[in-house]
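**Student:**
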Amino acid sequence: MMSIRTKLILFISTLIIIIGALSCLFFLVNSKKQQEDALRRFGISLIMLFAQDDEVKHALSYTQPAFLDTPIKRIKALDTEGEIGYLRISNTQKIMVEEKAPWITADMGKIPTGDTIQNPGISFTNRMWTRGGIRHIDSSRNPDVLITNNIVISLIHEFYDFSLPIIEKHTFSEEEFAAQILGDADVVKEDRHILGFVQIGLSRHKLHERIHAIVRRSIIPIGITIIAGGVCITFFLTKYIISPIKHMANITLDIAKGNLTRTVDIRSKDEIGQLSINFNQMTNALKNSYDEKEKIMVQLREHITNLFQTNKELTKINEQLNDAQERLVRSEKLAAIGKLASGIGHELRNPLSCIKNALFIIRKKPLPIGMLPDNQRINQLIEIVEKETERSIKIVNDLLEFSRTTKPTVSPTNIHSLIESSFSRLTIPEKIKRTVRIEEPLPLIPVDATQIEQVFINLIQNACDAMPMGGLLTIHVQKENSSLTVTFTDTGYGIPDTIKNKIFDPLFTTKPKGMGLGLAISFNIIQRHGGNIDLKSKEGEGTSFIVTLPTEKADGTKTQTTTYVT
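With full-length UniProt numbering, letter number 136 in the sequence shown gets 136, and the count goes up by one each step, no holes.
And the structure:
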């Protein structure tokens, strides 16, 4: 994009060039016309002096060329610049005097004589001679004095040719004089006699030199002066008009980029100075508004940050409330189910014990002789009844265990020993590999060893049941702050998201022969110890149960990882 400064410079430069060229051209044409007029007047003056000189007339009358020396010297004395190129004086019969300047190379014979030029029957305008000869390009005649002025051009020289006939001096007779005085028109006038012709050629070489001198001394300085004036005007306009505007434009770009500290430093008392003052006031007002907006934005960001922190805290509190509510609902549910289970357990425990005792007595009592063939069948039935009775007693014991609300009897316990003891009471399928990772040293934790061992047995058994085709069971024990975390991870089927929130509910199970009390009892035991059980599972990838138990000590010693692989 062309700047306004460049446009102005181009416009002013073009205008100055046009004005300078026109001014120089006008001055050149006018000067040339003045010089040409002066040369013509000089030629006319010279030839008039010749024509009015009596010596010239006597010389022509008596055909005496010697009488012409003095008039010719007088004429040459007037030619101070050497402009006379040739001089020709002739009478009616012959050429009496013919001179030319030494620097003239043209043939004088090819320049027409005065009597030929004065012949009215010949046209003098644009007369052409043979190739290399002389030609006329202009002709004019003064009707009063019969002076003919032609421009004659040769191959090298160019002349102003002046020709004038010399008239015999007229003398009045007494009768003519009286007639002139009395105004008698009847007196017959006599024709004046032409004695000869005077022809002078003025060279235009000096004219051209004077014009060239005028060009050097006047026209070129005028052009330079005009150009210098234009440069000064351009400099003035650029410095006092364009530069301030460009400066303001640059500051406007900086302000548009956000730099509101820029100001326009133009100290003038014109409209541009007033514009700069108004611009600075506008920028200052804009900066104040921007600062106020920034303050409001800072306060708004602080409020948003506070709201975000408050929202985060509220979210955390809400999660805690939801967890507490969930625990409370679960505790109430467990309490109600525990109370019901305690009543049912006590009611069923005694009848089941009687049935078990009765079966024992029946097995010990001998059968009659007639029933011997059926003895094997009866023993099978008795075994079924005993097995189911044992199973029912176990269910009753689980219900009673679930309903137990007494605090656990805690003592400092090694968690590693509890894990090994739990494995010893279970039969792990060969298809399942187990890995135990313990980050040592670990503190002794205050737990009821029997109850925590029951929890570990339930979680290990559930992990094995989740991997009927085999897999990997990983137990990871680590200390986190003031708690101990035991993670049981299997690579089984996983738990669907739809039942994750029911997995710790009593009597909820996905096993064909399960009662749904194992995880509920485990959850109840861990809760009585002040801990927590969390569940992480992805269907098709496996399940992790994270048991968190509080510890009394906080050991800052650097931990070491020990891995047991079976």
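Every residue, glycine too, gets a C-beta built ideally from N, C-alpha and C.
What did DSSP end up calling L68 once you bin it into helix, strand or coil?
**Tutor:** Looking at L68 - three-state DSSP - the assignment turns out to be helix.
**Student:** Taking Cβ to Cβ, would you say K500 is nearer than 8 Å to L459?
**Tutor:** The answer is no: Cβ separation not under 8 Å.
**Student:** Indicate whether T105 and R88 have their beta-carbon atoms separated by less than 8 Å.
**Tutor:** No.
**Student:** Relative to the alpha-carbon of E386, which residue among I361, P408, K407, T409 has its alpha-carbon at the smallest distance?
**Tutor:** The shortest Cα separation from E386 among I361, P408, K407, T409 belongs to I361.
**Student:** In its own chain, which residues sit with a C-beta less than 8 Å from the C-beta of T389, not counting the 5 before and 5 after it?
**Tutor:** If we look at T389 and ignore the five residues flanking it on each side, its Cβ neighbours are L352, I355, K356, L359.
**Student:** Helix, strand or coil, according to DSSP, for L195 in the structure here?
**Tutor:** Strand, per DSSP.
**Student:** Tell me whether the beta-carbon of S483 lies closer than 8 Å to the beta-carbon of T548.
**Tutor:** Yes; because the gap between Cβ atoms is below 8 Å, this pair is in contact.
**Student:** Between the Cα of V264 and those of A256, A249, K257, spot the shortest distance and give me the residue it belongs to.
**Tutor:** That would be A249, whose Cα lies nearest to the Cα of V264.
**Student:** Where does N379 land, buried or exposed, given buried means 16+ other C-beta within 10 angstroms?
**Tutor:** That one is exposed.
**Student:** Should F235 be counted as a contact of the ligand MG given a C-beta to heavy atom distance under 7 Å?
**Tutor:** Judged by which ligands are present, the structure shown has none, so any question about the ligand MG falls away.
**Student:** Based on DSSP bridge pairs, tell me the residues matched to T485.
**Tutor:** DSSP, once it has assigned bridges, lists Q478, T548 as partnering T485.
**Student:** Within its chain, find whatever has a CB closer than 7 Å to the CB of K553; leave out the 5 residues flanking it on each side and keep chain order.
**Tutor:** Residue placement at K553 cannot be trusted, given a pLDDT of 43 that sits under 50; what the coordinates show is reported in the next sentence. Excluding sequence neighbours, K553 sits near P443.
**Student:** Does E158 come out as helix, strand or coil in the three-state DSSP assignment?
**Tutor:** E158 falls in the strand class under three-state DSSP.
**Student:** My assumption, with CB atoms under 8 Å, is that A520 sits in contact with G492. Please give the rounded CB distance.
**Tutor:** That pair is no contact at about 20 Å.
**Student:** By the 10 Å Cβ neighbour count, where 16 or more other Cβ atoms means buried, how is N322 classified, buried or exposed?
**Tutor:** By the 10 Å Cβ count, N322 comes out exposed.
**Student:** So, for T474: in the same chain, excluding its five sequence neighbours on each side, which residues have a beta-carbon less than 6 Å away from its beta-carbon?
**Tutor:** Excluding sequence neighbours, T474 sits near T435, T489.
**Student:** For K57 versus L195, is the C-beta spacing smaller than 8 Å?
**Tutor:** In this structure, L195 lies closer than 8 Å to K57 by Cβ.
**Student:** Sort out for me which residues DSSP pairs Y86 with in a bridge.
**Tutor:** K100, G201.
**Student:** Can you tell me where the beta strand (DSSP E) with L442 in it begins and where it stops?
**Tutor:** It is not in any beta strand (DSSP E) - L442 carries neither H nor E in the DSSP assignment.
**Student:** Assuming E83 and K7 form a contact by the criterion Cβ under 8 Å, report the distance between their Cβ atoms to the nearest whole angstrom.
**Tutor:** Not a contact, Cβ separation roughly 52 Å.
**Student:** Looking only at DSSP bridge pairs, what is residue 571 linked to?
**Tutor:** Look at the range of the chain in this structure, 1 to 566, and you will see that residue 571 is not part of it.
**Student:** Could you check if M96 is buried or exposed, using at least 16 other CB atoms within 10 Å of its CB as the buried criterion?
**Tutor:** Buried, because 16 or more other Cβ atoms sit within 10 Å of the Cβ of M96.
**Student:** Just tell me which of Y86, D37, N284 has its CA closest to the CA of D161.
**Tutor:** With distances taken between Cα atoms, D161 lies closest to Y86.
**Student:** Alpha carbon to alpha carbon, how far is H476 from T485?
**Tutor:** Their Cα atoms are separated by approximately 8 Å.
**Student:** So, are the CB atoms of S262 and I272 less than 8 Å apart?
**Tutor:** One detail in the question is off: residue 262 reads as Arg in this sequence, not Ser. Contact flag unset, no.
**Student:** What does the Cβ neighbour count give for G229, buried or exposed, with the cut at 16 atoms within 10 Å?
**Tutor:** Classification of G229: exposed, given that the 10 Å Cβ count is below 16.
**Student:** Pull up the DSSP beta-bridge partners for L22, would you.
**Tutor:** Answer is none; L22 lacks a bridge partner.
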